[in-house]
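Chain order of the listed sequences is F and H. In this text, residue positions in the first sequence follow the working numbering: the first is 376, and each later residue adds one. In this text, residue positions in the second sequence follow the working numbering: the first is 2, and each later residue adds one. Heads up, the thing below is written out as structure tokens.
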Amino acid sequence: MPKPRFASFGRFRRSHEFWLLIVILVLCASLGAANGQFLTMQNLFDLLTSYAFVGILALGLLVVLIAGGIDISFTATASVAQYVTLSVANAYGANWICVFAIAIGIGGALGALNAIFIRKLRIPSIIVSVATLNIFYGLLIFFTGGKYIYSLPDWFATGIFWFEFEWGKDTSYGVNLQILALGFSFLFTWLLLNRSNIGRQIYAMGGNTDAAQRLGFHVFGLNMLVYCYMGVMAGIASLVQAQLAQSVAPTVLVGKELDVVAAVVLGGASLMGGVGTVFGTFLGLALLAILQNGIILLGVSSYWSPFFVGLVILISVSATAWSQRERRPRSAQP
Amino acid sequence: MTNFLEMSGISKRFGGVHALRDVDLTLEVGEVHCLVGENGSGKSTLIKIISGVEAPEAGGRIIISGKEYPKLSPVYSTHCGIQVIYQDLSLFSNLTVVENIAMAHHLGGVHTVNWSSMRAVAVATMAKVGIEVDPETKVSELSIAGRQLVAICRALAADAKLLIMDEPTASLTRHEVNTLIKLVSDLKRSGICVVFVSHRLDEVLEIAERVTVLRDGAKVGTFAAAAIDSGKLSHLMTGKAFEYQKQVPDLAVGAVVLQVQGLGRDGDYDDVSLQLRAGEVVGLTGLLGSGRTELALSLFGMNPPDRGTMALDGHRIALNTNADAIRRGIAYVSEDRLTLGLILDQSITSNVTLTVLERLAGTFGLIGTRARQSHVARWVAELGIKVSDPNNAVKTLSGGNQQRIVLAKWMATNPRVLILDSPTVGVDIRAKDGIYEIIRRLAREGVAVLMISDEIPEVLYHSHRVLVMREGRLTADVMAADTSEDALRQAVNA
């Protein structure tokens, strides 16, 4: 019997995403009222461009969290991929396909290393990734001496600028490398998680690993895929970031992990596994970007930014926990 | 009738231990067959061999639908239509009913998900089984009984010809068990063979046509259910006779310990008055949702009543938290011992001493190792718990021994009133007997025991007095000697 459409709207209304959307709309409206610069095409493109790095990593982390794991080594992975890839491009020459292939390869390989330790030796993923974060980063700093690379190939420095159009007074907009990579990552991750059997196996494994194994899902293979996917996303994100910064800085990426974790957790993914959506992650990323951007536009010192991000995470997680508490039958409470 | 499965000469060793010895089993098409035996009798191993998880020793023969297999693998066995519903149900509570039922669609090589065909399969199977929930509901929002139906749907959606259910009724109420029994007879009519593994012998006899009994890895025999009763069955399982007589109160049943007058809590129960006397075992039964567990929690200070009075030894008391109750000598052993009663990953020692840490504390409030050890040794010996090393984690023990650990934990507080919620759920018959023995001994020592149970024979044969709750009210309060199973069953379900 087909359910009427409002039944699924009812489910959406109770979801984490619905509340997040409300909060974002309210924030946008009030920031737009307070500062005319906020709701402009310029600001939208700026935000998409500057949050592409965090967003792409957040999608990788989302997949890892759904699978029931966690990975925080991705900033070190990205640093390594960025440094190696652009050094190779500088030394031997390359093109877009080449640099992405190298960065993705390095990211995937480092992700595979995580997966082997986590699944073969059954070490908790948080511990493995803390260790590998330090190892990858430590080796990179040792071999590079922490030196920046400022001279990048010309074609890389120029970047991509597609679908150019005019908006308002002689300002032109276009789809740049950052927005393109972010959009592609969202599309691909959504297809993986919602339209492929592999994505559904990842959800199932994150919900109940034993049951997934009994059904004949290849648990090691799935873990391998998930951590490699995180690494691949780190590789892509690293190039996006280098192109935007117009330099390769081995020391600036590590430390940004918590922004990424914040976006994914705000988006409703659970650290217990099995729960989280691409749409939620998009909203989580949007909320993070709006908060940090809004604070600057309101003229508040950006030192307050971590405080507000933390506050919003705490409120959002508490609200979700509270609504779930109410839905539990009373007799199950003690 | 044709046979779906024929097995002969099945043996299995794990290291030096013979888990199964030369077992034969035949399952007919459209038959309901029960497999009974104590823990460790080889039931689980036999199921694992049928489902292909374990391979039998050489010499065993397995014939499914006339075709012989030297051994099975999980893939072959699923292919032949063998589905196992494990006690934990193996569902994905983060996913919807549709996806759980049609999970097999996700197997195989990389492919896109066809949500509409998954939904069609799920809805069709749900209609066959008769579940009425929104198929887009998450499984985490369903009751245990609802989840079980989803697990059955999943097996049917995978084209089950043989459905093996491991302890399907352990966490169901009587009413839900009736629904399940009805469903099983529907399945049987459509030609599916159902194998039940259960500790509840009454249900076994109610539902099965044939019963196979295992003991110590060997088959005792296969019997027609009509020709056997639960006393005979337990004798076959254990080699020991368990004959229970109704409990006649000791002449020495003492003074009223706990007196409850007009107790009520909105939405849970109302107008409950009862007395518990020293040395008395009082059984409390009723359907799930009748308010029995909520009442018990109120007596333990965890679900404060809105109305009415409670008195301990004639003095009025108000219990606001369970710490109050524990201090006054009221102990509660929860139904769900795995999540509420025990810390499974911690040692036996830590678990047993948890309730008496204050009493064990010496100078400066520190607890000496020796005090802890002697405390644990005393209770382990007193309750006959089989423990190789008290530093092992509790989860290494069998269900029966875990339940004894919970009892030890609370008995160590020297309670005046002991409330036991479904103390024998999921433990085998010999372990049950041990628990009944402990309850009787506690009563002899003057403890007032309130035992909550779904199983009517359990309250009838192991309490002095029986209370029945229905829809939040106390509807019967009779001496066990003056009533019968039928009369109680009527009072519960009427």
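From the three backbone atoms N, C-alpha and C, an ideal C-beta is built for every residue, glycine too. Nothing here was measured: the structure is a model prediction, and the numbers come from that model.
DSSP three-state label for Q491 of chain H, please.
helix
Could you check where the alpha helix (DSSP H) with I430 of chain H kicks off and where it finishes?
430-445
Please name the residue in F:G444, F:V474, F:V594, F:I671 whose C-alpha comes closest to that of L370 of chain F.
The structure shown does not extend to residue 370 of chain F, since chain F is modelled only from 376 to 709, so the question has no answer here.
Mind listing the chain F neighbours of E177 of chain H? Cutoff is C-beta to C-beta under 7 Å, in chain order.
Going along chain F, no residue has its Cβ under 7 Å from E177 of chain H, so there is no contact; the nearest lies around 15 Å.
By DSSP's criteria, Y270 of chain H is part of a beta bridge. Which residues make up the other side?
Looking at the DSSP output, Y270 of chain H bridges to H:R266.
In chain F, which residues lie less than 8 Å from S91 of chain H when you measure between Cβ atoms?
N583, D585, A586, R589, L590
Strictly by DSSP, which residues pair up with E472 of chain H?
E472 of chain H is not bridged to any residue.
With burial defined as no fewer than 16 other Cβ atoms inside 10 Å of the residue's Cβ, what is the status of Y525 of chain F: buried or exposed?
exposed
Nearest-angstrom Cα separation, counted from V134 of chain H out to A409 of chain H
42 Å
By how many angstroms is the C-alpha of D634 of chain F removed from the C-alpha of Y458 of chain F?
Straight through space, the alpha carbons of D634 of chain F and Y458 of chain F are spaced by roughly 22 Å.
Whole-angstrom distance between K72 of chain H and A464 of chain F, CA atom to CA atom:
The C-alpha of A464 of chain F lies about 57 Å from the C-alpha of K72 of chain H.
Quick one: is G642 of chain F near chain H, going by C-beta distance under 7 Å?
No, G642 of chain F does not count as interfacial toward chain H.
Of all Cβ atoms in chain H, is any one closer than 7 Å to the Cβ of V607 of chain F?
Contact of V607 of chain F with chain H is not assigned, every C-beta pair being separated by 7 Å or more.
Which residues DSSP lists as bridging A394 of chain H, in chain order
H:S348
Do three or more CB pairs link the stretch 296-314 of chain H to the stretch 255-270 of chain H at distances below 8 Å?
yes
Quick one: any contact between the stretch 295-304 of chain H and the stretch 319-337 of chain H, if contact means 3 or more CB pairs under 8 Å?
yes
Indicate whether at least one CB of chain H lies closer than 7 Å to the CB of Q576 of chain F.
yes
Would you mind working out which of H:V198, H:T286, H:A332, H:E55 sits nearest A488 of chain H, comparing C-alpha positions?
H:T286
Exposed unless 16 or more other CB atoms sit within 10 angstroms - verdict on W679 of chain F:
By the neighbour-count rule (16 or more Cβ atoms within 10 Å), W679 of chain F is not buried but exposed.
List, in order along the chain, the chain H residues whose C-beta lies closer than 7 Å to that of S560 of chain F?
Near S560 of chain F there are no residues of chain H at all, since even the closest Cβ is about 19 Å away, more than 7 Å.
When the Cβ atoms of the stretch 75-82 of chain H are set against those of the stretch 574-585 of chain F, are three or more pairs found closer than 8 Å?
Fewer than three pairs of CB atoms, one per stretch, sit closer than 8 Å, so the stretch 75-82 of chain H makes no contact with the stretch 574-585 of chain F.
Compare the C-beta of N572 of chain F against all C-beta atoms of chain H and say whether one is closer than 7 Å.
yes
What residue from F:A442, F:T460, F:C603 has the CA that sits closest to F747 of chain F's CA?
Lying before the first or after the last residue shown, residue 747 of chain F is absent from chain F, which here runs from 376 to 709.
Name, please, each residue of chain H whose Cβ falls closer than 9 Å to the Cβ of G649 of chain F.
F93, S94, N95, L96
Since I believe R201 of chain H is in contact with T170 of chain H (beta carbons under 8 Å), could you give me their beta-carbon distance rounded to a whole number of angstroms?
6 Å
Three-state secondary structure (DSSP) of N4 of chain H
strand
What is the DSSP secondary structure of D217 of chain H, counted as helix, strand or coil?
coil
What do you reckon, are the CB atoms on A226 of chain H and L206 of chain H nearer than 7 Å?
yes
Between G435 of chain F and Y604 of chain F, how many whole angstroms is the CB-CB distance? I'm expecting something under 8 Å.
6 Å
Classification of A319 of chain H by the beta-carbon crowding that lies within 10 angstroms, buried from 16 upward:
exposed
Please name the residues in the stretch 156-187 of chain H whose beta-carbon is closer than 8 Å to at least one beta-carbon of chain C, in chain order.
Among the protein chains in the structure shown, which are F and H, there is no chain C.
How far does the beta strand (DSSP E) with N551 of chain F in it reach, from first residue to last?
547-551
Let me make sure I understand the geometry here. Which of F:P528, F:G610, F:T415, F:L562 has the alpha-carbon closest to that of G480 of chain F?
F:G610
Helix, strand or coil for R206 of chain H, going by three-state DSSP, please let me know.
A quick correction: the sequence has Leu, not Arg, at residue 206 of chain H. L206 of chain H: helix per DSSP, three-state reduction.
Please check if any C-beta of chain F sits within less than 7 Å of the C-beta of V114 of chain H.
Yes - at least one Cβ of chain F is within 7 Å of the one on V114 of chain H.
Just tell me which of H:V151, H:I193, H:R190, H:S235 has its CA closest to the CA of V212 of chain H.
When each option's Cα is compared against that of V212 of chain H, the closest is H:S235.
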